[in-house]
Amino acid sequence: MYENAEGDVYVQSDDEWWYKGQSGEKFEDDTSASLSHFDHKGGGDIFHEELEKQTISKNSYFFESLSNTPRSEAAERSATLKIASTENLKKKGPINCLDTVTHIVLGLEYNLNPFKSLLEKQKLLKAAIHSHDGNAILVVVLFLKSSLKKSLFLREIRMQADAVNMYLSYLHETREQHELTDLLLSVRRPGDCAVLKYEDANQIPDPKRKLNVLQTLMSTYCQPGLVSRFISESVLEHCMCLEDYKVLMDHKVVSELCDDNILENLIGRNEISNSCIVDLLIFSILHFYNVSEISSISPLTIRDRYKVSSQKFQWCALRTLAAAKKYQDLEKLLLTKRWFGGMKLQSYVPYKTVLSILSKSDAPLEVLEKYINIIENESEKLTLAKKYKCNKSVIEILKKKRSKTALLEFQHTLPPDSIEYHIISNMLLSTEIKWKN
Numbered sequence: 001m002y003e004n005a006e007g008d009v010y011v012q013s014d015d016e017w018w019y020k021g022q023s024g025e026k027f028e029d030d031t032s033a034s035l036s037h038f039d040h041k042g043g044g045d046i047f048h049e050e051l052e053k054q055t056i057s058k059n060s061y062f063f064e065s066l067s068n069t070p071r072s073e074a075a076e077r078s079a080t081l082k083i084a085s086t087e088n089l090k091k092k093g094p095i096n097c098l099d100t101v102t103h104i105v106l107g108l109e110y111n112l113n114p115f116k117s118l119l120e121k122q123k124l125l126k127a128a129i130h131s132h133d134g135n136a137i138l139v140v141v142l143f144l145k146s147s148l149k150k151s152l153f154l155r156e157i158r159m160q161a162d163a164v165n166m167y168l169s170y171l172h173e174t175r176e177q178h179e180l181t182d183l184l185l186s187v188r189r190p191g192d193c194a195v196l197k198y199e200d201a202n203q204i205p206d207p208k209r210k211l212n213v214l215q216t217l218m219s220t221y222c223q224p225g226l227v228s229r230f231i232s233e234s235v236l237e238h239c240m241c242l243e244d245y246k247v248l249m250d251h252k253v254v255s256e257l258c259d260d261n262i263l264e265n266l267i268g269r270n271e272i273s274n275s276c277i278v279d280l281l282i283f284s285i286l287h288f289y290n291v292s293e294i295s296s297i298s299p300l301t302i303r304d305r306y307k308v309s310s311q312k313f314q315w316c317a318l319r320t321l322a323a324a325k326k327y328q329d330l331e332k333l334l335l336t337k338r339w340f341g342g343m344k345l346q347s348y349v350p351y352k353t354v355l356s357i358l359s360k361s362d363a364p365l366e367v368l369e370k371y372i373n374i375i376e377n378e379s380e381k382l383t384l385a386k387k388y389k390c391n392k393s394v395i396e397i398l399k400k401k402r403s404k405t406a407l408l409e410f411q412h413t414l415p416p417d418s419i420e421y422h423i424i425s426n427m428l429l430s431t432e433i434k435w436k437n
């Protein structure tokens with residue numbers, strides 16, 4: 001208690017009563033009174049306004065107390081009254097739906113047991129939704145789940161999209177797959193249900209069991225009009241891929257080559273179960289490249305079935321045949337004869353990339369030289385020949401240019417006892433070549 005210069009007396013007791021000394025006017029800070037206007041004003045705006053007042057009032061008072069600016073007695077009483085209002089809200093239990101949701105949002109104590117009737121629970125759910133607070137919505141939804149019959153509970157939340165979405169997220173996080181599926185079907189979202197089932201099927205390691213689950217999914221959920229075309233086509237393509245995998249494994253013959261090691265280097269593992277179409281195509285190229293196109297295991301058949309582009313097919317074949325060192329098959333794929341003799345590269349893959357892949361697969365120099373010699377640009381041909389140490393090709397290019405100086409410079413880079421060194425020596429002594437320099 002203190003008295004100011006005018007003689008006004010202020011008292012703060014534990015019961016939070018305030019007096020104006022000479023006027024005798026008495027104020028009681030009652031939470032129910034401060035929030036009672038919620039019942040007379042509709043919408044979520046009043047709720048947010050009151051929530052904002054209660055949340056920031058105490059902090060506002062402390063910031064004002066730190067200021068050096070003199071404050072009026074009315075401002076001081078108003079700030080102190082705000083603190084008392086918040087403290088009183090903590091002490092008293094909520095008295096209606098909006099107060100209860102306010103406590104949930106602020107992290108204060110709350111009690112949902114007083115809401116017994118269905119009408120009260122409906123109002124509580126609407127108040128939580130108007131708060132736009134996910135935690136408050138989920139708390140009320142779980143309360144309704146525990147206090148209502150399942151059919152009644154589903155009927156109530158189906159009418160509130162926000163409640164459905166929060167509950168779906170909760171079920172997905174807790175991995176309650178059966179209830180999640182039922183809810184998706186009850187709210188007429190078969191597409192989401194199909195995606196959920198498809199995700200679960202992809203977790204099955206056994207290809208045969210996975211194929212059975214996907215076939216069931218295809219016949220049950222992926223009917224026309226129920227899900228999008230993209231989902232149904234994806235599931236169908238996955239089923240086809242697993243069926244092809246089964247056929248390929250039944251026809252696989254153990255080769256003298258270490259095919260499993262080659263496959264692991266190409267796709268990162270030595271088996272193709274649960275793989276993509278590209279991995280399936282690489283496996284087919286590795287084991288059945290020369291099989292007739294009419295066979296279901298032929299790479300060309302798989303290419304046509306899955307509509308793989310020519311560029312992608314050639315890229316897969318190039319990497320696979322180079323790794324398996326099947327250079328004759330690779331030559332048939334990439335090279336074609338000219339009308340007037342010679343060979344040319346007929347490939348979607350740039351010749352620099354072709355040489356890089358061949359080099360990484362430890363192809364012989366003769367193979368590299370064959371692809372270098374078909375390059376028409378002499379400058380690029382010389383650069384690539386030096387890069388991949390195709391010395392014979394370098395000598396032929398420099399001889400064709402009749403550059404004696406360049407030939408001598410290149411000779412100094414070779415070991416004196418190498419064959420190429422002696423070839424250059426004999427070439428420089430020849431009188432048949434007219435050198436430019």
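Using full-length UniProt numbering, you'd call the opening residue of the sequence shown number 1 and step up by one each time.
Built from N, CA and C at the ideal position, the CB exists for glycine as well.
Give the DSSP-derived three-state secondary structure of residue i in the structure shown.
i, result
"V227", "strand"
"L108", "coil"
"K337", "strand"
"L185", "helix"
"L248", "helix"
"K344", "strand"
"I302", "helix"
"E420", "helix"
"H172", "helix"
"C316", "helix"
"P207", "helix"
"T413", "coil"
"Y371", "helix"
"N261", "helix"
"G134", "helix"
"Q311", "helix"
"E179", "helix"
"E237", "helix"
"M427", "helix"
"K401", "helix"
"Q328", "helix"
"I395", "helix"
"N165", "helix"
"D362", "coil"
"Y351", "helix"
For residue i, which of the options has the nearest alpha-carbon?
i, options, result
"K434", "K404, L414, S234, E409", "K404"
"Q328", "H412, K360, Y371", "Y371"
"I282", "S292, E293, S295, I302", "I302"
"D362", "E378, K326, K332, I374", "K326"
"S219", "T413, S232, P207", "S232"
"L236", "V140, M249, Y221, V247", "Y221"
"F115", "H103, E156, N96", "N96"
"residue 439", "S356, L248, K208, K360", "Here the chain comprises residues numbered 1 to 437, so residue 439 is not present and cannot be evaluated."
"W315", "S347, S169, I419", "S347"
"E378", "K360, C390, I357, K400", "K400"
"R402", "Q311, K436, K381", "K436"
"I357", "E176, E420, T320, S292", "T320"
"D244", "S295, Y421, N113", "S295"
"I277", "S359, C239, P416", "C239"
"K312", "V349, K381, E432, T353", "V349"
"L355", "K337, K386, S310", "K386"
Got a sec, what are the start and stop residues for the alpha helix (DSSP H) residue i sits in?
i, result
"P190", "190 to 202"
"D279", "277 to 288"
"K434", "Neither: K434 is in no alpha helix (DSSP H) and is coded neither H nor E."
"A127", "118 to 131"
"F153", "150 to 158"
Indicate whether residue i and residue j have their beta-carbon atoms separated by less than 7 Å.
i, j, result
"L138", "M159", "no"
"A323", "I262", "yes"
"A136", "V105", "yes"
"V213", "V187", "no"
"P299", "Y306", "no"
"K197", "L184", "no"
"L408", "Y388", "no"
"I374", "K344", "yes"
"D279", "I297", "no"
"V140", "L125", "yes"
"L414", "C390", "no"
"A201", "K208", "no"
"L168", "E179", "no"
"F143", "L112", "yes"
With a cut-off of 7 Å, does the C-beta of residue i fall near any C-beta of chain D?
i, result
"H178", "In the structure shown, chain D does not exist; there is a single protein chain."
Is the region 415 to 434 touching the region 393 to 401 in the sense that three or more CB pairs, one from each, lie closer than 8 Å?
yes
Say whether the region 187 to 196 touches the region 218 to 231, bearing in mind that this needs 3 or more beta-carbon pairs closer than 8 Å, one atom from each stretch.
yes
Can we say the region 141 to 153 touches the region 108 to 125, given the rule of at least three CB pairs closer than 8 Å?
yes
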